[in-house]
Amino acid sequence: MFDYLVVGAGFAGSVLAERLARIADKKVLIVDRRNHIGGNAYDCYDDAGVLIHKYGPHIFHTNSTEVIEYLSQFTAWRQYQHRVRASVDGQVVPLPINLDTINQLYGTSLTSFELEDFFARVAEPREIRTSEDVVVSKVGRELYEKFFRNYTRKQWGLDPSELDPTVTARVPTRTSRDDRYFTDKYQQMPLHGFTRMFERMLDHRNIKILLNCDWREVANVIPHKEVIYTGAVDEYFDCRLGKLPYRSLEFRFETLNTARHQPVAVINYPNDYAYTRVTEFKHLTGQEHDKTTLVYEYPQADGDPYYPVPRPENAELYKRYKALADTTPGVHFVGRLATYKYYNMDQVVAQALATFERIQGTRAANPASEAIHLNGAHRNGVHAPAETVAGAR
Ligand code: FAD
Ligand code: UDP
Numbered sequence: 042m043f044d045y046l047v048v049g050a051g052f053a054g055s056v057l058a059e060r061l062a063r064i065a066d067k068k069v070l071i072v073d074r075r076n077h078i079g080g081n082a083y084d085c086y087d088d089a090g091v092l093i094h095k096y097g098p099h100i101f102h103t104n105s106t107e108v109i110e111y112l113s114q115f116t117a118w119r120q121y122q123h124r125v126r127a128s129v130d131g132q133v134v135p136l137p138i139n140l141d142t143i144n145q146l147y148g149t150s151l152t153s154f155e156l157e158d159f160f161a162r163v164a165e166p167r168e169i170r171t172s173e174d175v176v177v178s179k180v181g182r183e184l185y186e187k188f189f190r191n192y193t194r195k196q197w198g199l200d201p202s203e204l205d206p207t208v209t210a211r212v213p214t215r216t217s218r219d220d221r222y223f224t225d226k227y228q229q230m231p232l233h234g235f236t237r238m239f240e241r242m243l244d245h246r247n248i249k250i251l252l253n254c255d256w257r258e259v260a261n262v263i264p265h266k267e268v269i270y271t272g273a274v275d276e277y278f279d280c281r282l283g284k285l286p287y288r289s290l291e292f293r294f295e296t297l298n299t300a301r302h303q304p305v306a307v308i309n310y311p312n313d314y315a316y317t318r319v320t321e322f323k324h325l326t327g328q329e330h331d332k333t334t335l336v337y338e339y340p341q342a343d344g345d346p347y348y349p350v351p352r353p354e355n356a357e358l359y360k361r362y363k364a365l366a367d368t369t370p371g372v373h374f375v376g377r378l379a380t381y382k383y384y385n386m387d388q389v390v391a392q393a394l395a396t397f398e399r400i401q402g403t404r405a406a407n408p409a410s411e412a413i414h415l416n417g418a419h420r421n422g423v424h425a426p427a428e429t430v431a432g433a434r
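So for the sequence shown, our numbering puts the first residue at 42; every next one is plus one.
In C-alpha cells:
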C-alpha cells in the first residue's frame, strides 16, 4: 500500500514526492504519462549531442532563498543572466525596453533622465485593467504596437486587451541600460541540467517511478491512501463544468553546423513569422560544442496544455473547479496546471513546499500564510496579486 500516489513528475509532483518520502517517511508512487521525469522542465541531449530543453527554454530565477536552498540539495549551479533581443523595424534591440532600445530604434542619444521625460510624453495614463493598459500606460501606443500587441496576439490568440494585466507585466520597462531579462537575486541554471536534478530528487528507497502511464490506468489497481494531483484541474473532473483553456506550443528544433548562431539566448519576433521566439540553448547551458541547436516556438490552441490563460472569465471557471477540488477529500491539487496559475518554476517549488507543510500540519490551511511563504518567489519584482500567489483565486 502506497501512502501517496503522485500524478505528474514535474516540479510540483517531484518536490512533494521528495519531501513526503524523505522527511515524512511515506511510501510514494509517482506516475507520469510522458516517458520521462521533469515535466516541462525536462532537458536531454539531442542527436547531435547538444543539451536541449524539450518543452522550450527554461531559465531559473528566484528571489526566494528558501527555494534556492531547497533545490541546492540536488544540484550545483551555473550562474547565468538571461538576455533577450527583439527584432523590430529591421533592427535587433534589447528587451525589456531600455535606454539602448529607444536610442537604437529612433537613432537618438537620450540620457536616462531624458528617457523618463520621453516616456512621460508618450505614455497614456489610464486605469490598469488589461495587458494592453499595462504597456500603453507606461510607454505609449507606438512602442506597445511594435513590441507587445502582435507578439501577444500570436502567443495567446487573444488581443492584450483581453488578458489580465499580469501577463505583459512580466516584462518591465527600464530607463537604465540594464539589458537583463530578470533582476531576481538568484539567477542560475542547474549545472548538469534539470533532468539530473530531478533524478537526484527522486532517488530514494521510498519512491517508485512509473512512466508512460496515465494515472487513471493505475488509480483503481494500485492501493494508495492519498493523491497529489499536478495535471490539468478540469481534466481531473472530466471537464464537467466546461473546458478550461490552456495555450499550447509546437517546438521545432534546428541544429546548425556552427558553434554560435545568435548574440544572446533568445530573439523575439513580435511582428514577423508564425513563431514568437528563437532560443539557442548553449547560451543557457554553457555547453561547449562545435554545433548548436535552436528551438522555434509556434503557439497553438490544441496540444499539450502549457499555459493557463489569465483572463477574468477563465478565473471564474477555475474558481468553480477549485470549489470542487477543495471538497475532494484525500486529493491535493498542486502546480501550474492543477491550480491554473501562470507560475514560474520557483513559484511552483514554493507552492509545493507550502503544500507539504500543510500536509504535515506545520502550516495553517490559510492561503494568507502561503502568500508569505511565496513572498520571495516572484518575478522581476512584480508581485502577482497576493490572491494569485496564494493560489486562493
Ligand atoms: P508540469 O511541468 O507541466 O508537470 C505536470 C506533469 O504531469 C507533466 O509531466 C504531465 O505529463 C503529467 N500529467 C498530467 N496529467 C497526467 C495524468 N493524467 N497522468 C499522468 N501524468 C500526468 N518557468 C521558469 O521559471 N522559467 C522559465 O524560463 C520558464 N519557461 C517556460 C517556457 C515554456 C515554453 C513553458 C511552457 C513553461 C515555462 N516555465 C518557465 C514554467 C515552468 O515550465 C513551470 O512553472 C513548471 O514546469 C510547472 O511545473 P508543474 O509540476 O506544475 O507542471
Ligand atoms: N510579450 C510581448 N512581447 C515580447 C515579450 C513578451 O508582447 O517580446 C508579452 C506576451 O504577452 C508574453 C508576456 O509578455 O506572453 C510574458 O512574456 P514572457 O517572456 O514572460 O513569456 P514566457 O517566457 O512565460 O512565455
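Backbone N, C-alpha and C fix where the C-beta goes; we use that ideal spot for every residue, glycine too.
Based on the DSSP secondary-structure assignment, which residues constitute the bridge partners of Asp367? DSSP lists no bridge partner for Asp367.
Cβ neighbours of Ala315 in the same chain (closer than 8 Å, five flanking residues each side left out): The residues are Lys195 and Tyr339.
Between the CA atoms of Thr271 and Val390 - distance to the nearest angstrom: Looking at the backbone, the Cα of Val390 and that of Thr271 are separated by about 12 Å.
Contact under 9 Å by Cβ, His437 with Asn81: This structure does not reach residue 437, given that the chain is present from 42 up to 434, and the question cannot be answered.
Return the CA-CA distance between Glu357 and Asp200, expressed in angstroms with no decimal places. Taking the straight line joining both Cα atoms gives about 19 Å.
For Gly227, which residues in the same chain have their Cβ closer than 6 Å to its Cβ, ignoring the five residues on either side in sequence? With the sequence shown as reference, residue 227 is identified as Tyr, and Gly is not the correct amino acid for it. The residues are Thr103 and Ile109.
Opposite Asp84 in the DSSP bridges: which residues? According to DSSP, Asp84 shares a beta bridge with His94.
On the three-state DSSP scale, how would you describe Leu136? Here Leu136 sits in strand by DSSP.
Leu46, buried or exposed, once every other Cβ within 10 Å from all chains shown has been counted against 16: By the 10 Å Cβ count, Leu46 comes out buried.
Is DSSP giving Pro206 helix, strand or coil here? Pro206 falls in the helix class under three-state DSSP.
Give every residue of the same chain whose Cβ lies closer than 6 Å to the Cβ of Ala89, excluding the five residues on either side of it in the sequence, and list them in chain order. The beta carbon of Ala89 sits closer than 6 Å to the beta carbons of Thr296 and Lys332 from its chain, once the five residues preceding and following it are set aside; these are given in chain order.
Ligand 1 and Arg377: does the residue's C-beta get closer than 8 Å to at least one heavy atom of that ligand? The nearest non-hydrogen atom of ligand 1 is less than 8 Å from the C-beta of Arg377.
To the nearest angstrom, how far is the alpha carbon of Val437 from that of Gln341? The structure shown does not extend to residue 437, since the chain spans only 42 to 434, so no value can be given for it.
Kindly indicate which residue of Thr396, Ser289, Ile138 and Arg246 has the alpha-carbon position closest to the one of Val184. Correcting the residue identity first, residue 184 is Leu in this sequence and not Val. Measuring from the Cα of Leu184, the nearest candidate turns out to be Ile138.
Are the region 250-267 and the region 133-151 touching, with three or more C-beta to C-beta distances below 8 Å? Contact between the region 250-267 and the region 133-151 is absent, because fewer than three Cβ pairs lie under 8 Å.
Cβ neighbours of Lys266 in the same chain (closer than 8 Å, five flanking residues each side left out): Cβ neighbours of Lys266 beyond the five flanking positions: Met42, Phe43, Asp44, Tyr45 and Gly371.
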